[in-house]
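Visitor: The structure that follows is given in the form of structure tokens.
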Amino acid sequence: MSKIKKCAVCSKSIDNRRPQTKTCSNSCRTRLWRFSNAGPVSLKVVLSKLQYIQLKTEANDLDMMINALVVAKATQSAACSIYS
Ligand SMILES: [Zn+2]
6 MSKIKKCAVC SKSIDNRRPQ TKTCSNSCRT RLWRFSNAGP VSLKVVLSKL
56 QYIQLKTEAN DLDMMINALV VAKATQSAAC SIYS
């Protein structure tokens with residue numbers, strides 16, 4: 006029952022590490038620590054009207070803010086290609 010664990014920063018596999026390990030290396034650990042102490046980052050995203058309407062509709066269906074839906078999609082790499 007091995008669930009593949011990935012580095013929280015670079016997504017490299019970190020299987021066979023201690024259960025509490027979140028990153029693959031010291032440099033990723035440092036980056037994660039820096040990011041977790043920083044405020045949120047604002048990102049401007051440019052979409053076609055069709056992409057926007059699809060996202061807006063999906064967000065409405067899920068009763069989510071469009072912002073939250075975009076963040077959820079962007080942080081799940083498998084879902085990123087849906088609207089490309
Ligand atoms: Zn890493």
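Letter by letter, the sequence shown follows residues 6 to 89 of the numbering used here. Beta carbons are placed, not taken as given, at the ideal position from N, Cα and C, and that holds for glycine. Note that the structure is a prediction, hence the values are computed from the model and not measured.
Taking only heavy atoms of ligand 1 into account, decide whether any of them is closer than 7 angstroms to the Cβ of Thr28.
Guide: Within the sequence shown, residue 28 is the residue found at index 23, counting from 1. The answer is yes for Thr28.
Visitor: If you follow the alpha helix (DSSP H) that Gln61 is in, where does it begin and where does it stop?
Guide: The residue labelled residue 61 in the question sits at position 56 within the sequence shown. The sequence given here places Lys at residue 61; Gln does not occur at that position. Its alpha helix (DSSP H) spans residues 54-66.
Visitor: Should Thr28 be labelled buried (16 or more other beta-carbon atoms within 10 Å of its own) or exposed?
Guide: Counting from one through the sequence shown, the residue named residue 28 turns up at place 23. Under this definition Thr28 is a buried residue.
Visitor: Output the boundary residues of the alpha helix (DSSP H) element that contains Lys78.
Guide: The residue labelled residue 78 in the question sits at position 73 within the sequence shown. First-last of the alpha helix (DSSP H) with Lys78: 71-79.
Visitor: With a threshold of 7 angstroms, establish whether the CB of Lys10 neighbours any heavy atom of ligand 1.
Guide: Along the sequence shown, read from residue 1 onward, the residue named residue 10 stands at position 5. It does not: the Cβ of Lys10 is nowhere closer than 7 angstroms to a heavy atom of ligand 1.
Visitor: Please tell me whether Leu74 and Glu63 are closer than 8 angstroms, where the distance is taken between their beta carbons.
Guide: Translated into positions along the sequence shown, residue 74 becomes position 69. Translated into positions along the sequence shown, residue 63 becomes position 58. For Leu74 and Glu63, yes; Cβs fall inside 8 angstroms.
Visitor: Rounded to the nearest angstrom, what separates Leu48 and Thr80 at their Cα positions?
Guide: On the sequence shown, position 43 is the one that residue 48 refers to. On the sequence shown, position 75 is the one that residue 80 refers to. If I take the Cα positions, the gap works out to 13 angstroms.
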